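Below: one structure, written as structure tokens.
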Amino acid sequence: MSAVTRYVYENAPNNQVAGYIIFILVFILSAIVYKLGFAKKLSLGKNIIIYIFLFLGCILLTFFALFLPMIEGLIVAALVLILYKIRLWREKREEKEAS
């Protein structure tokens, strides 16, 4: 088991609750990574469909998260995308001030 998954399973009241916690972590981190890296401005209906399929895909990713470092990888991906967005925002701000 990966470090985060092991921690959750050791500290959760039972295995079923731990599984739900892992699923919620995978879904939230996947949604953050999607929003930061891949999301475009779409209508509300299209966003709902995308998040429904993301939710369904996270069910499969939860099984992978039991033995692979999925949560750790999603955390790293989110941090890299956050740093990228901050750098992009700063460059746009500096470019706007220069003109």
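According to our numbering, the stretch in the sequence shown is residues 8 to 106, in order. Backbone N, C-alpha and C fix where the C-beta goes; we use that ideal spot for every residue, glycine too. These numbers come from a predicted model, not from an experiment.
The alpha helix (DSSP H) with residue i in it runs from where to where?
| i | result |
| --- | --- |
| L75 | Element bounds for L75: n/a, residue is neither H nor E. |
| N21 | Neither: N21 is in no alpha helix (DSSP H) and is coded neither H nor E. |
Would a check of beta-carbon distances place residue i closer than 9 Å to chain C?
| i | result |
| --- | --- |
| L88 | No chain C appears in the structure shown, which is made up of a single protein chain. |
Helix, strand or coil: how does DSSP classify residue i here?
| i | result |
| --- | --- |
| F45 | coil |
| S106 | coil |
| S9 | coil |
| S37 | helix |
Would you please state the rounded distance, in angstroms, between the beta carbons of residue i and residue j? I believe it to be under 8 Å.
| i | j | result |
| --- | --- | --- |
| A85 | L43 | 7 Å |
Margin query: Contact between the region 72-88 and the region 31-49 is defined here as three or more beta-carbon pairs at a separation below 8 Å; is this criterion met?
Written below: The region 72-88 is in contact with the region 31-49.
Margin query: Using a Cβ distance threshold of 8 Å, determine whether the region 85-99 contacts the region 52-61, with at least three qualifying pairs required.
Written below: By the Cβ rule, the region 85-99 does not count as touching the region 52-61, because fewer than three pairs are nearer than 8 Å.
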